[in-house]
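Structure record follows, encoded as structure tokens.
Chains as they are written, first to last, in my numbering: chain A, 40 to 752; chain B, 4 to 191.
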């Protein structure tokens, strides 16, 4: 081993005490002579402390995670957790196959196409194909002979109907879509016959060709629909076209819709190709979901009612303006050292505008003003989760270009502000060739203005309301915080007073003169020799801090000072029956009481022999109070029972006990207890609210998942 | 003695730590209402926990307050300090008590000294954090992982216990060198 490493090994042996006594002595002698060695030892000790601290930090972080998990489990129940796990799994899958959740093609069907077919005049057959440049490699004529069973649906044509076929074609049929031979909308039930051949096996089995003129087509699947009433074939009303979604394993943007035409020899020729774009249909904007992805699931998993639109809106929109208010974590620099005085905390203020869409913007578009625009379409809704991931600039792009086709805006999005996986997704959207909706210049300008003004106004209004609410709550909370501060102050005061008493007594016993009391903490180290005041003060301070008996001998005079601390225990009867139990010790020489801490009904402390102590014990059970008191407490074990007491008598008793400031403090404490009890529902409600806001913040306003700027905690 | 103190002294840390987390919401409230984020609250509370645990581990220390009160008081102190460090105005609430009198910095006896030690230890922790992941993991496992040398060697993929041990000394050396450099940067 290298000598440097050997030295490190040696230092370690010395530090952990595993060095043999003889070596130890030698090592220590060396240390006294060799300042370099001393420095090395000190440095190594510091590194070891650092390791201990880092290990502890790791454990604490783990405990924190355990705690919040346990808490969440309590709050949500096991079912909620399962939902979260599921959502995560689905999200992963969706990420891996970005195209899969959206790979349905919407192809409109036109009426009357069947009339071109001479053999079966009412045939409504289509194939989704693209021209294939390869020369035909197999027979172009296949006899049509149905081997795949027809699917028949009995539907009411006067109601909106959605049906799904065995192979997964979804037809959405508006009411009144079907016309009889006279051009009138039919009434009464009809039969819808569907014939589908989506995969190659079915296509071959069905004996369908994929020929268009002398070209062979690559098919995305074929289907045939026919509507029959009273043995009459019906037509489709051109103004009420049926929407069809054909499932696809792989989305091909160049797919076109061909209409089948039966030739005299029985084969089908596919004609009249039409690109499948430009067709957007608006829906009621309130039926759409513009929330961030996973929002409703999360709300449900938090045990809230996700079906209550008023609630989900108010929760989400309450974060309007949030981006401008709150700081985001900033990772600490990895290499460059920044000097800090005490703490290394990795946070600095950075607005989150570039990551999260302000809910105010969503509020501004999700209303009647944007009905009948590009935004009120299922197609836009499908983009919304990714727009949330892409951030406000992407959203602006869509809102400000309502006159362009969706696919144009998609393509603009891919070239701006986004990269990586998200860019892929927007490329995919571009390829869908989703079209546009008519909009006037004036309307466009009005809407743009509306969007920016509403976003701002709403964001400000919500931020103001939020601030007012939380400021009000903070004022109420302050009483509570102040109380904790008071307790800390009281303990501190007690400590200082007791320290003074002990110090004076120790000095008296040692024969020092102490007219001015304890030397001030700022000056004694400089003014006095290390053997005198300094040591005494340290000893007294240590004994007072740990409440252990002080025993100190002056090396010069041989005089000894002893101040005893003797243990005392209190065990009130049936302590578990009380909501709260307070045991006060009232030292005659101090201005404040001491509040004892207990466990399992046993309250312990130590009594300073220089003081005399009174005992006051108050128990609370709902509205009722119980009381016990005793003067001149001796060290040792004490058991007692509390007696019921009404509030006037309790006040009376409390004012009798202890010195004036002690009884005033106890009375105050009693008042605080009752206030705190009444105020508890408010604080619990706030706590739940803060929890919810915290969860929201973490889930939806804390990271830029796709841009890789921040990592989930 | 407080059961939490006993649990920590008997080294059943994880249980006690999880129990201590029940005081976190109060600290979070304090920090969120005085201009901090949830992340700040987590950091501060973690720091306060570290201080409490270390203090409990030192012999002769008797917790004179409820653990919750102690954690709150330390957290408040740390937060005030952190706000000063960020050059942000320290909210009135954090500085004064009810009567408007300024609170002393050392509200808990011995806290100031403890924090001075802490800042030195923090520097050592920073030195560790700048080591290679593998090195840091080895050191943490070795000294605080409750594992045998053999298990550590197997887990970290070292061929023998001796290699693991040797590697550990090299990592210690790297940590010392890093810390030395940090200290020099601080002084210059």
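C-beta atoms are modelled at their ideal positions from N, C-alpha and C, and glycine is treated no differently.
Considering residue 77/B, what are the terminal residues of the alpha helix (DSSP H) in which it resides? It spans 70 to 88 - the alpha helix (DSSP H) in which residue 77/B sits, taken as one unbroken run.
Given a cut-off of 8 Å, decide if residue 513/A and residue 36/B are closer than it, judged by their beta-carbon atoms. Yes, the Cβ-Cβ distance between residue 36/B and residue 513/A is below 8 Å.
Locate the alpha helix (DSSP H) running through residue 202/A, then write down its first and last residues. Segment 200 to 203 is the beta strand (DSSP E) holding residue 202/A; no alpha helix (DSSP H) there.
Between residue 161/B and chain A, is the shortest Cβ-Cβ distance under 8 Å, so that the two count as touching? Judged by the 8 Å Cβ criterion, residue 161/B is not in contact with chain A.
In terms of DSSP beta bridges, what is residue 138/B paired with? According to DSSP, residue pairing for residue 138/B in a beta bridge does not occur.
Which same chain residues, not among the five before or five after residue 597/A, have their C-beta less than 7 Å away from its C-beta? Counting only Cβ-Cβ distances below 7 Å, and skipping sequence neighbours, we find nothing.
Does any C-beta atom of chain B lie closer than 8 Å to the C-beta of residue 86/A? At a cut-off of 8 Å between C-beta atoms, residue 86/A counts as an interface residue with respect to chain B.
What does the Cβ neighbour count give for residue 691/A, buried or exposed, with the cut at 16 atoms within 10 Å? Looking at its Cβ environment, which holds fewer than 16 other Cβ atoms inside 10 Å, residue 691/A is exposed.
In chain B, what lies closer than 7 Å to residue 513/A by C-beta? Ordered by position in chain B, the residues that pass the 7 Å Cβ test against residue 513/A are 36.
When you compare only the Cα positions, how much space is there between residue 121/A and residue 336/A? Confidence is the limiting factor: at residue 121/A the pLDDT is only 29, short of 50, which leaves the residue's position unreliable, though a coordinate-based value still follows. If you take the alpha carbons of residue 121/A and residue 336/A, they lie about 11 Å apart.
Look at the alpha carbon of residue 174/B and the alpha carbon of residue 128/B, and state the distance between them as a whole number of angstroms. Looking at the two C-alpha atoms, the distance is approximately 14 Å.
Please confirm whether residue 146/B and residue 102/A have their CB atoms less than 8 Å apart. Going by C-beta atoms, residue 146/B is not nearer than 8 Å to residue 102/A.
Can you list, in chain order, the residues of its chain whose CB lies under 6 Å from that of residue 658/A, leaving out five sequence neighbours each side? Same-chain partners within the cutoff: 617, 620, 665, 681.
How many whole angstroms separate the CB atoms of residue 424/A and residue 356/A, which I take to be in contact at a CB cut-off of 8 Å? That pair is no contact at about 18 Å.
Enumerate in chain order the residues of its own chain whose CB-to-CB distance from residue 685/A is below 7 Å, with the five nearest sequence positions on each side excluded. Answer for residue 685/A: no residue qualifies.
Using only alpha-carbon positions, find the residue among 529/A, 489/A, 474/A, 447/A that is nearest to residue 409/A. Nearest option by C-alpha distance: 489/A.
Sort 442/A, 601/A, 586/A by Cα distance to residue 593/A and report the nearest one. Of 442/A, 601/A, 586/A, the residue nearest in Cα terms is 601/A.
Residue interval of the beta strand (DSSP E) (run including residue 671/A): Premise fails: residue 671/A is in no beta strand (DSSP E) and is neither H nor E.
Roughly how many whole angstroms lie between the Cα atoms of residue 114/B and residue 78/B? Spanning the two alpha carbons is a distance of roughly 11 Å.
Shorter than 7 Å, the distance from the beta carbon of residue 52/B to the closest heavy atom of the ligand SAH, or not? This structure lacks the ligand SAH; in fact it carries no ligand of any kind.
What residues from the region 348 to 361 of chain A come within 9 Å of chain E, judged by C-beta to C-beta, listed N to C? Here the protein chains are A and B, and chain E is not one of them.
In three-state terms, what does DSSP make of residue 58/A? Coil, per DSSP.
Could you check the C-alpha separation between residue 696/A and residue 652/A for me, to the nearest Å? Spanning the two alpha carbons is a distance of roughly 11 Å.
Counting only beta-carbon separations shorter than 8 Å, does residue 48/A have a partner in chain B? Interface residue, yes.
Would a C-beta distance cut-off of 8 Å place residue 433/A and residue 401/A closer than the cut-off? Cβ atoms of residue 433/A and residue 401/A: not closer than 8 Å.
State the start and end residues of the unbroken alpha helix (DSSP H) segment that holds residue 598/A. That residue, residue 598/A, is in no alpha helix (DSSP H); it is neither H nor E in DSSP.
Tell me whether the region 529 to 548 of chain A and the region 435 to 448 of chain A touch, counting them as touching only if at least three CB pairs, one residue from each stretch, are closer than 8 Å. Contact between the region 529 to 548 of chain A and the region 435 to 448 of chain A is not established, with fewer than three Cβ pairs separated by less than 8 Å.
In this structure, what does DSSP give as the bridge partners for residue 592/A? Answer by DSSP bridge pairing, in chain order: 599/A.
What do you get for residue 599/A, buried or exposed, if any count of 16 or more other CB atoms within 10 angstroms of its CB means buried? Residue burial is scored here from C-beta neighbours: residue 599/A has fewer than 16 other C-beta atoms within 10 angstroms and is therefore classed as exposed.
By the criterion of Cβ-Cβ separation under 7 Å, what are the contact partners of residue 179/B in chain A? Those within 7 Å of residue 179/B in chain A are 82, 83, 86.
Three-state class that DSSP yields for residue 80/A in the structure shown: In the structure shown, residue 80/A sits in a helix (DSSP, three-state: H, G or I).
Thinking residue 473/A and residue 420/A are a contact (beta carbons under 8 Å), I'd like their distance in whole angstroms, please. Approximately 12 Å separates the beta-carbon atoms of residue 473/A and residue 420/A; this is outside 8 Å, ruling out the contact.
Hey, does residue 636/A have any beta-carbon neighbour from chain B nearer than 8 Å? Yes, contact with chain B.
Quick one: is residue 328/A buried, meaning 16 or more other Cβ sit within 10 Å of its Cβ, or exposed? A residue is called buried when at least 16 other Cβ atoms come within 10 angstroms of its Cβ; residue 328/A does not meet this threshold and is exposed.
Would you check if the distance between the CB atom of residue 650/A and the CB atom of residue 668/A is smaller than 8 Å? Not in contact: residue 650/A and residue 668/A (Cβ atoms no closer than 8 Å).
Through-space distance from residue 529/A to residue 83/B, alpha-carbon basis: So the alpha carbons of these two residues sit roughly 20 Å apart.
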